[in-house]
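Okay, so here's the structure we're looking at.
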Amino acid sequence: MSMSKLTLKVNHELFGGLLLIGIGAYAYYHGQQYAFGSLARMGPGFLPQVLSIVLCAMGGILAVTSQLKPSSAIDLQLGQVLVVAASMALFALLLRPAGLAPAAFVGVLVSSWADREITWPGRITLALVVATLSSLIFIAGLGMNMPLWWG
Amino acid sequence: MINAEAFHAALSLLGNTPAAWLVVPPGLIIGLFFGSIPGLSISIAMAVFLPATLYMDFLPAILFLTAIFTGGGFGGAIPAIMLNIPGTSSSVATAFDGYPMARRGEHAQALGIGLVASVLGTLVGYLLLLFTVQSISQWVLRLGPTEMLVIAIWGVTLIAVLNDASISKGIAAGILGILISTIGYSDAGQMRGTFGSMYLLDGIPVIPALIGFFAASELFNLIGKRYIVDDSSLRVVSFRHILSGMSQAASKPFQLLRGGSMGAVIGAIPGVGASIANLAAYATAKQRSKEPETFGKGNPSGLIAAESANSSSEGGSMITLLALGIPGGAGTAVLLGAFALHNVTGGPRFIRENPDIVYALIIGNMAQAILLLMVGVGFIFLAGYIVKLSLKLMIPIVMVLAVVGSYAITGNMVGPITVVATGIIGWLMRRYGFPVAATVVGLLVGGMAEGELVRSMQISGGNLGFIADRPITLALLALLLLSVLPRVIGSVFKRRATPPPSPRTPS
Chain A
29 MSMSKLTLKV
39 NHELFGGLLL
49 IGIGAYAYYH
59 GQQYAFGSLA
69 RMGPGFLPQV
79 LSIVLCAMGG
89 ILAVTSQLKP
99 SSAIDLQLGQ
109 VLVVAASMAL
119 FALLLRPAGL
129 APAAFVGVLV
139 SSWADREITW
149 PGRITLALVV
159 ATLSSLIFIA
169 GLGMNMPLWW
179 G
Chain B
110 MINAEAFHAA
120 LSLLGNTPAA
130 WLVVPPGLII
140 GLFFGSIPGL
150 SISIAMAVFL
160 PATLYMDFLP
170 AILFLTAIFT
180 GGGFGGAIPA
190 IMLNIPGTSS
200 SVATAFDGYP
210 MARRGEHAQA
220 LGIGLVASVL
230 GTLVGYLLLL
240 FTVQSISQWV
250 LRLGPTEMLV
260 IAIWGVTLIA
270 VLNDASISKG
280 IAAGILGILI
290 STIGYSDAGQ
300 MRGTFGSMYL
310 LDGIPVIPAL
320 IGFFAASELF
330 NLIGKRYIVD
340 DSSLRVVSFR
350 HILSGMSQAA
360 SKPFQLLRGG
370 SMGAVIGAIP
380 GVGASIANLA
390 AYATAKQRSK
400 EPETFGKGNP
410 SGLIAAESAN
420 SSSEGGSMIT
430 LLALGIPGGA
440 GTAVLLGAFA
450 LHNVTGGPRF
460 IRENPDIVYA
470 LIIGNMAQAI
480 LLLMVGVGFI
490 FLAGYIVKLS
500 LKLMIPIVMV
510 LAVVGSYAIT
520 GNMVGPITVV
530 ATGIIGWLMR
540 RYGFPVAATV
550 VGLLVGGMAE
560 GELVRSMQIS
570 GGNLGFIADR
580 PITLALLALL
590 LLSVLPRVIG
600 SVFKRRATPP
610 PSPRTPS
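Written as structure tokens, this is what we have:
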């Protein structure tokens with residue numbers, strides 16, 4: 029399975045500018061439920077609303093200037109990043125129920141998917157080494173409050 | 110200049126805290142290790158090891174992190190000299206003359222020169238801090254809420270503006286950080302932006318967010334990158350050559366001092382730091398040299414300038430951090446995170462109430478520099494092997510540290526989830542050219558800035574014209590404009606069509 033197939037090509041300046049406008053507009057809309065107050069007595073909504081407007085302005089500048097410059101596309105290696113992000117989430121989710129050693133083993137095993145060159149024995153060795161080392165450091169060494177194994 | 114009483118208290122504090130010494134060698138080695146692997150940065154190391162300080166007192170915690178900082182400073186020089194790949198942006202100028210020396214077969218001498226320059230640079234930076242911290246803190250005590258607000262804005266703006274990204278991207282990144290900091294209870298005791306989730310009552314957990322933005326996002330960035338290293342001749346390192354390099358550097362005290370003092374002063378400016386200090390000191394050394402044409406061809410003076418300046422900027426940036434509570438860069442941002450973890454607020458009040466801790470930090474850091482001299486020599490022997498370690502081996506290690514560390518901080522799944530989420534956001538930001546350091550600094554100082562804003566407007570009764578009666582505020586605002594304006598004008602008049610060639614060589 030080739031991970032490099034899963035790439036996005038977009039004009040990143042325009043995309044980023046529009047995204048900022050979107051975030052700013054949403055934050056402004058959300059911030060309206062908090063009192064704005066006045067300059068002398070600022071409410072909790074003052075700073076978020078003012079900053080959202082500036083954020084929209086920055087997004088607008090980016091979106092406009094993106095059309096003045098030759099566009100350059102960026103390769104997002106989304107597939108590989110998602111594999112590693114998912115392996116981190118999996119590791120974290122397994123930490124409580126399964127214990128540190130199994131969670132680290134599974135997490136490293138899954139994350140090695142992003143590496144196209146590593147062999148199966150290499151994967152398992154790496155996962156075993158990391159699981160052992162982290163158990164030694166965090167539980168035996170630092171005495172952290174988390175289970176080593178399930179049960 | 111120096112508060113003698115506090116100085117003695119600091120010495121006895123250091124003497125009675127063996128933990129403060131125990132954590133320094135591992136910190137130096139971690140810093141050397143992460144710094145010397147091309148592609149990893151010091152801020153990754155500091156961020157993923159930040160949760161480990163949960164188990165330490167405040168003084169050992171900060172000394173541990175500054176040891177990583179100091180070790181990483183020299184660690185970055187190793188791949189710069191041996192492979193022409195600056196391990197961090199602060200060793201770009203190190204490669205200019207270090208790599209030509211290595212190509213002549215003088216890599217061991219070059220590493221020896223770099224080590225002595227790093228050690229002396231660190232000492233110069235902290236000496237400056239030692240002599241100025243007392244008077245600076247007395248001056249800072251006179252600053253009111255308006256001045257502190259301008260300084261906070263200055264800190265975020267300089268980090269946002271003084272980098273390769275466009276100005277609007279930098280400002281947007283900084284604002285994003287401040288907006289994230291408004292989530293949770295506000296100063297007025299009202300909940301904001303929690304979206305009804307009880308996990309967000311206390312806001313986004315700052316330290317996991319910092320780990321996500323600095324470490325996880327960089328981790329995602331590293332996937333698929335590879336540094337090709339195939340020169341096996343560089344493994345031969347002899348002790349005699351290291352020593353000859355060290356004495357070569359020690360015989361040029363004036364150049365060491367010049368680079369060191371430039372680095373310390375530049376480092377004290379928020380947002381500038383080591384990545385500019387090494388280039389500025391290199392340029393000065395070349396300009397003042399009698400034989401500028403030999404620079405870039407393996408002149409040891411260039412190496413001395415670059416390494417002494419990037420190391421001394423650490424001490425300089427500590428001035429801003431301790432006196433004002435404002436981080437000047439990624440490394441000090443992590444230190445501010447450690448302050449928060451130990452419920453310590455940096456700033457003039459901290460210096461006034463705990464002068465012994467402040468002096469102990471400074472003396473401890475100077476002792477660290479001396480220790481680096483010994484640890485560094487040993488490390489040089491291993492350097493030839495470590496620079497060739499595959500980045501892929503480091504990915505699972507950073508991953509495990511980030512998840513376990515953030516779990517330890519929050520005690521539940523909120524920490525790791527924050528790391529993964531901010532990691533993906535930070536990765537996207539990096540890919541699209543937004544400076545993540547600005548977001549982190551915005552997140553760290555956002556709460557303080559909002560408090561100062563509300564207070565200064567209360568004092569003035571909402572009248573913006575009152576700043577005309579505050580000369581310090583006006584002076585600070587003028588400084589802020591002066592430091593930002595050249596960059597703004599430059600970007601309006603000559604829009605770069607192509608980005609400058611990257612000194613790194615990812616394939």
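In order, the protein sequences belong to chains A and B.
Residue numbers for the first sequence follow this note's numbering, so the first one is 29 and each next one is one higher.
Residue numbers for the second sequence follow this note's numbering, so the first one is 110 and each next one is one higher.
For every residue, glycine included, the Cβ atom is placed at its ideal position computed from N, Cα and C.
Could you name the residues of the same chain whose beta carbon sits closer than 6 Å to that of residue i, not counting the 5 residues immediately before and after it, in chain order?
{"i": "B:S592", "result": "none"}
{"i": "B:P457", "result": "S246, V249, L250"}
{"i": "B:F116", "result": "Y468"}
{"i": "B:V512", "result": "P525"}
{"i": "B:A546", "result": "I268, A439"}
Just curious, the alpha helix (DSSP H) that residue i is in, first and last residue?
{"i": "B:I385", "result": "383-397"}
{"i": "B:S426", "result": "409-433"}
{"i": "B:G487", "result": "464-495"}
{"i": "B:Q218", "result": "216-249"}
{"i": "B:N125", "result": "Here B:N125 belongs to no alpha helix (DSSP H), and DSSP marks it neither H nor E."}
{"i": "B:K668", "result": "Nothing about residue 668 of chain B can be read from this structure; chain B reaches only from 110 to 616."}
{"i": "B:V533", "result": "As written in the sequence, residue 533 of chain B is Ile, which differs from the Val given in the question. 523-540 is the span of the alpha helix (DSSP H), which, as asked, contains B:I533."}
{"i": "B:D206", "result": "201-212"}
{"i": "B:G180", "result": "167-184"}
{"i": "B:G437", "result": "Segment: none, B:G437 is in no alpha helix (DSSP H) and carries neither H nor E."}
{"i": "B:P195", "result": "Here B:P195 belongs to no alpha helix (DSSP H), and DSSP marks it neither H nor E."}
{"i": "A:R69", "result": "No alpha helix (DSSP H) holds A:R69; DSSP gives it neither H nor E."}
{"i": "A:W177", "result": "From DSSP, A:W177 is part of no alpha helix (DSSP H); its letter is neither H nor E."}
{"i": "A:P149", "result": "148-162"}
{"i": "B:T548", "result": "545-569"}
Report all residues from its chain with a CB closer than 7 Å to the CB of residue i; omit the five preceding and five following residues, and keep chain order.
{"i": "B:I260", "result": "L433, I435, L585"}
{"i": "B:G555", "result": "G286, I287, S290, T291"}
{"i": "A:L176", "result": "G127, L128, A129, S163, I167"}
{"i": "A:V158", "result": "A132, V136"}
{"i": "B:R564", "result": "P254"}
{"i": "A:K33", "result": "Residue confidence is low: A:K33 scores 46 on pLDDT, short of 50, so the model does not pin down where it sits. No coordinate-derived value is stated."}
{"i": "B:T303", "result": "I292, G293, L309, L310"}
{"i": "B:G575", "result": "Note that residue 575 of chain B corresponds to Phe in the displayed sequence, not to Gly. Excluding residues within five positions, the ones whose Cβ falls inside 7 Å are S569."}
{"i": "B:L258", "result": "A558, E561, L562, S565"}
{"i": "B:R539", "result": "S326, N330, V545"}
Could you check whether residue j and residue i sit closer than 8 Å to each other, using their CB atoms as the reference points?
{"i": "B:V233", "j": "B:S421", "result": "yes"}
{"i": "B:L174", "j": "B:A318", "result": "no"}
{"i": "B:L481", "j": "B:G455", "result": "no"}
{"i": "B:T179", "j": "B:G140", "result": "yes"}
{"i": "B:D166", "j": "B:F404", "result": "no"}
{"i": "B:S277", "j": "A:M174", "result": "no"}
{"i": "B:G214", "j": "B:G532", "result": "no"}
{"i": "B:V131", "j": "B:V443", "result": "Position check: residue 131 of chain B holds Leu in this sequence, whereas Val was assumed. No."}
{"i": "B:V265", "j": "B:G293", "result": "no"}
{"i": "A:L154", "j": "A:V134", "result": "no"}
{"i": "A:A55", "j": "A:P76", "result": "yes"}
{"i": "B:S145", "j": "B:G184", "result": "yes"}
So residue i packs on residue j, CB below 8 Å; how close in whole Å?
{"i": "B:L238", "j": "B:G424", "result": "5 Å"}
{"i": "A:A131", "j": "A:L123", "result": "5 Å"}
{"i": "B:G380", "j": "B:L267", "result": "3 Å"}
{"i": "B:M566", "j": "A:L67", "result": "5 Å"}
{"i": "B:L220", "j": "B:I187", "result": "7 Å"}
{"i": "B:V549", "j": "B:F329", "result": "16 Å between Cβ atoms; not a contact."}
{"i": "B:L450", "j": "B:L163", "result": "6 Å"}
Does DSSP put residue i in a helix, a strand or coil?
{"i": "A:Y62", "result": "coil"}
{"i": "B:R596", "result": "helix"}
{"i": "A:Q105", "result": "strand"}
{"i": "B:G293", "result": "strand"}
{"i": "B:R301", "result": "strand"}
{"i": "B:K501", "result": "helix"}
{"i": "B:I623", "result": "Shown here, chain B extends from 110 to 616; a query on residue 623 of chain B therefore has no answer."}
{"i": "A:L96", "result": "coil"}
{"i": "B:G253", "result": "coil"}
{"i": "B:H350", "result": "helix"}
{"i": "A:E41", "result": "helix"}
{"i": "B:D578", "result": "helix"}
{"i": "B:P457", "result": "helix"}
Which same chain residues end up closer than 8 Å to residue i when comparing Cβ atoms and leaving out the 5 residues on each side of it in sequence?
{"i": "B:P610", "result": "Residue placement at B:P610 is flagged as unreliable, the pLDDT there being 42, under the threshold of 50; a coordinate-derived value is accordingly withheld."}
{"i": "A:G169", "result": "none"}
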